[in-house]
Each structure stands twice: as C-alpha cells, then as structure tokens.
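Have a look at the structure below before the remarks.
Numbering (the working numbering), first residue to last: 257 to 399.
Structure representation (structure tokens):
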C-alpha cells in the first residue's frame with residue numbers, strides 16, 4: 257500500500273455488499289470511499305450527522321471511480337481518504353481502496369463537495385476551522 261492520503265480504515269467486505277458475480281457491487285466502492293471520507297471529516301471536527309445543528313451542509317456534485325481489480329467477498333480492504341484540492345466554497349476529496357492481504361490497489365476515485373448554507377441553500381466559503389484542520393493534517397494542499 258503506497259497511499260499518500262492521510263486517513264484510513266479497514267473494512268470487511270460483507271455478503272450483503274456483493275453482486276450476483278460474488279464480488280463487490282460497483283456502487284459499494286463509492287459507499288466505502290464516502291464512509292471513510294465521512295469519518296475523516298468527523299475527525300477534522302465537522303459533524304454533519306444532524307442537519308438541524310450542523311454548521312453547514314455539504315453537497316456532493318460530482319463523483320467518480322476507477323475500478324482496477326475486483327474485490328471478492330470476505331475480503332478485508334484498506335480504504336484511504338483525504339482531500340486533493342481546496343477551493344473557496346468547494347473541495348475535491350479522493351479515496352483509494354487496497355486489498356489488505358496483498359496491498360494491491362483495487363480502486364480509486366474522488367468526489368467534489370460544495371459547502372452550502374443550511375437556510376439559503378447557497379454556496380458558502382469552506383468554514384475557516386475546517387480549512388485549517390485540513391491544512392494542518394495535509395499541509396501540502398494550497399490554502
């Protein structure tokens with residue numbers, strides 16, 4: 257595993273995550289990436305679990321995944337996540353999924369987030385505390 261992304265979790269591929277061919281259903285690659293990104297965001301201090309009390313909302317406006325190798329059932333995978341770009345009101349996040357046993361890259365992808373005011377539903381600047389937390393964790397990003 258050679259990921260430069262700062263945060264990871266190990267996930268167990270469950271039977272319910274599989275498709276009829278016995279490998280990870282294609283949409284679940286995105287779910288795995290999004291779940292680990294959500295945990296990273298929470299670690300950085302942004303809790304969005306209750307929209308009524310959250311500082312802001314985040315809309316995912318683009319998402320993509322490159323499928324490199326199939327992931328079989330009953331596998332353990334390491335899912336890495338982090339940010340690759342910070343804009344004014346948007347950010348690009350990335351994820352990589354590795355086979356825990358072999359270290360082989362299985363998939364990689366990313367998404368674009370837009371930070372949004374909960375009331376007006378208009379884009380707002382990335383919250384300063386959150387931007388600072390990202391830069392502290394990933395100092396190589398442009399601020």
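All residues carry an ideal CB built from backbone N, CA and C; glycine is no exception.
Roughly how many angstroms separate the alpha carbons of residue i and residue j, rounded to a whole number?
i	j	result
residue 296	residue 338	7 Å
residue 281	residue 312	31 Å
residue 325	residue 292	20 Å
residue 392	residue 355	29 Å
residue 373	residue 309	12 Å
residue 314	residue 307	10 Å
residue 259	residue 365	13 Å
residue 377	residue 358	44 Å
residue 330	residue 349	27 Å
residue 265	residue 300	15 Å
residue 335	residue 288	7 Å
residue 395	residue 276	43 Å
residue 317	residue 379	12 Å
residue 346	residue 381	8 Å
residue 279	residue 361	15 Å
So residue i and residue j are in contact, right, with Cβ under 8 Å, and what is the actual spacing, rounded?
i	j	result
residue 321	residue 286	6 Å
residue 352	residue 267	Not a contact, Cβ separation roughly 13 Å.
residue 386	residue 304	About 11 Å; that fails the 8 Å criterion.
Have a look at the DSSP bridge pairing and note the partners of residue i.
i	result
residue 354	334 and 361
residue 268	332
residue 366	320 and 350
residue 342	347
residue 280	274
residue 296	Its beta-bridge partners do not exist; DSSP assigns none.
According to DSSP, is residue i part of a helix, a strand, or is it coil?
i	result
residue 288	helix
residue 319	strand
residue 311	coil
residue 381	coil
residue 396	coil
residue 371	strand
residue 274	strand
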